[in-house]
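Undergrad:
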Amino acid sequence: MDNSQTHMADSNKLVIQLRIGSQMHTISVQRSQEEIYRKAAKLINDKLGRYAQTYPNQTIEKYMSISILDFAVQALQLEQVQNTAPFVASMEALTSEIEDTLKKEDD
0 MDNSQTHMAD SNKLVIQLRI GSQMHTISVQ RSQEEIYRKA AKLINDKLGR
50 YAQTYPNQTI EKYMSISILD FAVQALQLEQ VQNTAPFVAS MEALTSEIED
100 TLKKEDD
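Quick note: the sequence shown, position 59, residue 58 per numbering that gives the first Met the number 0, numbers continuous.
1. For Tyr50, count the other beta carbons within 10 Å of its own beta carbon; 16 or more makes it buried, fewer makes it exposed. Which is it?
2. Just curious, the beta strand (DSSP E) that Ser27 is in, first and last residue?
3. What did DSSP end up calling Gln57 once you bin it into helix, strand or coil?
4. Report all residues from its chain with a CB closer than 8 angstroms to the CB of Lys46; omit the five preceding and five following residues, and keep chain order.
5. Which residues in the same chain as Ile43 place their Cβ atom closer than 6 angstroms to its Cβ, once the five residues preceding and following it in sequence are excluded?
Here is the structure:
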């Protein structure tokens with residue numbers, strides 16, 4: 000990779016700071032991904048805040064671990080929903096074939 004390609008690749012990166020809980024994190028992200036990282040940090044902090052309000056006097060580790068569990072469950076549930084798409088398409092095709100067959104029988 001020559002210098003112009005290296006510079007171009009670097010210009011697509013951005014160093015940002017995100018606060019998660021009480022910690023600051025400096026990370027390098029693609030410019031196109033900055034907004035999603037900031038939204039993710041906000042989502043995490045909102046969830047931590049909700050757990051802190053609901054269950055006061057717990058440790059930050061407790062809030063973090065419950066938040067991680069919550070996000071993991073949501074990700075797995077979303078994965079299950081997305082994995083049903085091929086089945087839905089198959090069912091729609093089969094339904095269409097059945098309807099076509101029934102229409103031919105009526106004729």
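All C-beta atoms in this analysis are idealised placements derived from N, C-alpha and C, irrespective of residue type, glycine included. Small disclaimer: the values here were computed from a predicted structure and weren't measured.
TA: The answer reads as follows:
1. buried
2. 22–29
3. coil
4. Ser66, Asp69, Phe70
5. Ile19
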